[in-house]
Structures are given as C-alpha cells and as structure tokens.
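Just add 410 to wherever you are in the sequence shown, counting from 1, and you've got my numbering.
Some notes on the structure that comes next.
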Amino acid sequence: MSISLKEIQAPIAQEMELFEKKFRTSMKSKVLLLDKIMSYIVKRKGKQMRPMFVFFMAKLFRGDAIGDATYRGAALIELLHTATLVHDDVVDEANYRRGFFSVNALWKNKIAVLVGDYLLSKGLLLSLQNDDYELLKIVSNAVKEMSEGELLQIEKARRLDIDESVYFDIIRQKTASLIASCCAVGAASAGASKEDIEKARLFGEKVGIAFQIKDDLFDYGTAEIGKPVGIDIKEKKMTLPLIHALREADWMTRRRVIYNVKNNNGDNRRVQQVIDYVKTSGGIQYTIEVMNQYHAEALAILYTFPASPSRTSLEQLIAFTIEREK
C-alpha cells in the first residue's frame, strides 16, 4: 500500500477532530447506564472511512467551506449505522465487534436492542431539529436497503442458490448503499444539484461494491487480516469467488463443493477443500478482475468532476479500499 489511511485523512484532520467532538456530544444521555454504553461505543471506532467520504465529497463542491449541515450529515450516518451494528450483533449472537466485546455481550440483548433504538432516534431527531430532510431521506433509504439486503442473504443462504446477480443485489444493499449514502450526503450538505447528488451516490455505490468484494477475497487468505480464513464458508455465505468457481464446475464437482459448504460444521479440512477448489478454478482471479472493473467505473464517475485536492483525496481513498490488507 503506497499511502496510509492516516495520510489520506491529513487534509481533513481538523474537520475529523471537530466531527468527533460533535459526534460525542450528539450521543450524550442523561441516563447513566446509557451514557456509559455510549462512551464504550465511541471508543471502539474503526477506520472512520464513512465520515471521510462525507467530508471529501462535500469539499468537492464547496472547497474548504464546510458547513454545519455536513457535520450533521456525517453524524447522522454514524448514528444510524452504529444502531444497525448493535442490532446486527444481537441478530448474529456475536460477542465481538472489531476486537472488543459487543454491546449485547456486555449488557445482554434487551439493553442492546434498546441502545440501537436510542441511536436510531437520536439520528432522526438530529435531522428533524435542523430541517435536514434531504439528508434524512438519503440515509433512511440506505438503512432500508441494508435491512433488505441482510434479509435477502438470510433467505438465499438457506438454499445456497445465490447466483452472481443475487450476490450483487445483496452487497449493493448491505454494504454499498451505506457508502453511497455517505457520498450523497456529502454532496447534498454542500448544496450540490440533484444530478450531482445522484452522481455522488452512484460513485459511492461502485466504491462500496469494490470494498465488499475485497472483503470477500480476504476469506480466501489473500492477505494477513483480522478475521480467520474461511469464516464466510463456515457461515455458509456464498461470495463471488465461490459463485464463479461453481458456475465453471461440472455437475459432480459442484455437488461435492456445495455439500462441503452445507455440511462443513466448522470442519477446517472441508473448508480448506472448498478454498483450494476456488483458488485452482480461477475464482480468485475472476473476482479481482470484477473488483478492478468497479474501481475503474468509480474513477470514471469521479473524473466527471473538476480536478481539485478533494478529488485527489477521493481517488486515494477508493484506491485504499481495494489495496488494503485488513
């Protein structure tokens, strides 16, 4: 990786610092237990790529004149997204999130669900109190898409009948819709035209799809990362490398591989057999080519905007999404 995320973030370091203060304030509560949980959530922040997309996209249209609406838009996305993560951990019965205990692991499911509801309501109120209806519409649509994508994946996982078109439907809704909303919110908060907001949204969608494909490649040991290799296969998730490999397989091979996925029961030997088959059948190379195509399509949209330091930063940020090693 030629440039680190910290280096990419450098031009908006001040904005990010101010955003973090505003975001912490937006999560405050008068209920001691809730305040304690909010503080715990804030400490577990990840790469913070979502607010980066918001700020860089806003600067693309307004230069350095970042207004309060952009900070509120970034906070709205973080509040609603954090709410979905807290709820997801309850649904998945997950005890960890980014190497920390999940909220449900520490405070049980009932409190975790209520915390997610609280975050959701804080986001809604933040927008309504400031008449940010356009921003609320964009982010609410993303949350709807994420829920539909999750349910579509659950429905299809039972039968393992996910083809390439369904796979893209799932990742467009589950992952890409959020990054798309970050870019659309950034543009909208800076007063961009409807046409430019839609271009920003589509740009984010292409980036989000490439980002998820990169995540799916990690499952096959393409880099040293935080999650164990083969975890998607153990969870019976059909991702692009496996879908392509199965499409190229003869009937008997396909049946054997699907049997290993369906009945692996966490057996590392069976999981490794699936990984080995995907690697030898060209599934990895095909997936890399598709990821690069989405990267190119995102760049093509980005280059319709005038050259600027913010456009360069967005170019670096999308390169990071497909070159990162974790």
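Yeah, the Cβ is synthetic: ideal placement off N, Cα and C, and Gly gets one too.
| Asked | Found |
| --- | --- |
| Delimiting residues of the alpha helix (DSSP H) encompassing Arg582 | Where Arg582 is concerned, there is no enclosing alpha helix (DSSP H), given that its DSSP letter is neither H nor E. |
| CB contact flag (Gly693, Ala655, <8 Å) | yes |
| Between the CA atoms of Tyr696 and Asp579 - distance to the nearest angstrom | 18 Å |
| Residues near Arg611 by beta carbon distance below 7 Å, same chain, minus five either side | Ala590, Cys593 and Ala594 |
| Inter-residue Cα distance where the pair is Asp542 and Ser599 | 9 Å |
| Beta-carbon proximity check, Asp499 vs Ser512, cutoff 8 Å | yes |
| Length of the line joining the Cα atoms of Leu627 and Lys647 | 13 Å |
| N- and C-terminal bounds of the alpha helix (DSSP H) containing Ser587 | Ser587 to Ser599 |
| Beta-carbon gap between Ile711 and Lys616 smaller than 8 Å | yes |
| Pick from Gln458, Gln703 and Met448 that is closest to Leu415, judged by C-alpha positions | Gln458 |
| Residue closest to Met462, alpha-carbon to alpha-carbon, out of Glu733, Arg734 and Ile728 | Ile728 |
| Minimum C-alpha distance to Arg454 - residue among Ala479, Tyr506, Met556 and Glu605 | Tyr506 |
| Whole-number beta carbon distance between Leu490 and Leu535, since they are thought to touch under 8 Å | With a Cβ gap of about 12 Å, Leu535 and Leu490 do not count as contacting. |
| Option in Leu444, Tyr669 and Ile521 with minimal Cα separation from Arg568 | Tyr669 |
| Sub-8 Å separation of Gly618 and Thr585 beta-carbons | yes |
| Of the listed residues Gln726, Ser436 and Glu733, nearest to Ala420 (C-alpha basis) | Gln726 |
| Alpha carbon of Val684 to alpha carbon of Asp660, nearest angstrom | 15 Å |
| Cβ contact check for the segment 516-526 and the segment 554-574: 3 or more pairs under 8 Å | no |
| Span separating the alpha-carbon of Arg665 from that of Asp642 | 19 Å |
| Element boundaries [alpha helix (DSSP H), containing Ala423] | Ala423 to Ser436 |
| Inter-residue Cα distance where the pair is Ala515 and Asn551 | 29 Å |
| According to DSSP, residues forming a beta bridge with Arg482 | Answer is none; Arg482 lacks a bridge partner. |
| Sheet register partners of Phe511 (DSSP bridge) | Tyr506 |
| Beta-carbon contacts of Leu486 that lie in its chain and below 8 Å, excluding the five residues immediately before and after | Gly533, Leu536, Ser537, Asp542, Leu545, Leu546, Val549 and Val595 |
| Beta-carbon spacing of Phe466, Ser723 below 8 Å | yes |
| Nearest residue (CA-CA) to Arg582, options Met556, Lys604 and Ile607 | Met556 |
| Residue-chain proximity (Gly693, chain B), Cβ-Cβ < 8 Å | Looking at the structure shown, chain B is missing, and only one protein chain is on hand. |
| Sequence-distant residues of its chain with Cβ nearer than 6 Å to Ala484 (five each side left out) | Phe429, Pro461 and Val464 |
| With 16 other Cβ atoms within 10 Å as the buried cut-off, status of Arg704 | According to the sequence as given, residue 704 is Tyr; it is not Arg. By the 10 Å Cβ count, Tyr704 comes out buried. |
| Span separating the alpha-carbon of Trp517 from that of Lys446 | 11 Å |
| Cβ-Cβ separation, Val553 to Ile623 (assumed contact under 8 Å), whole Å | Wrong, their Cβ atoms sit about 22 Å apart, outside the cutoff. |
| For Arg569, the three-state DSSP class (helix, strand or coil) | coil |
| Alpha carbon of Met426 to alpha carbon of Asp571, nearest angstrom | 43 Å |
| Exposed unless 16 or more other CB atoms sit within 10 angstroms - verdict on Ile413 | exposed |
| Reference Ile521, options Gln424, Met437 and Leu443, closest by Cα | Leu443 |
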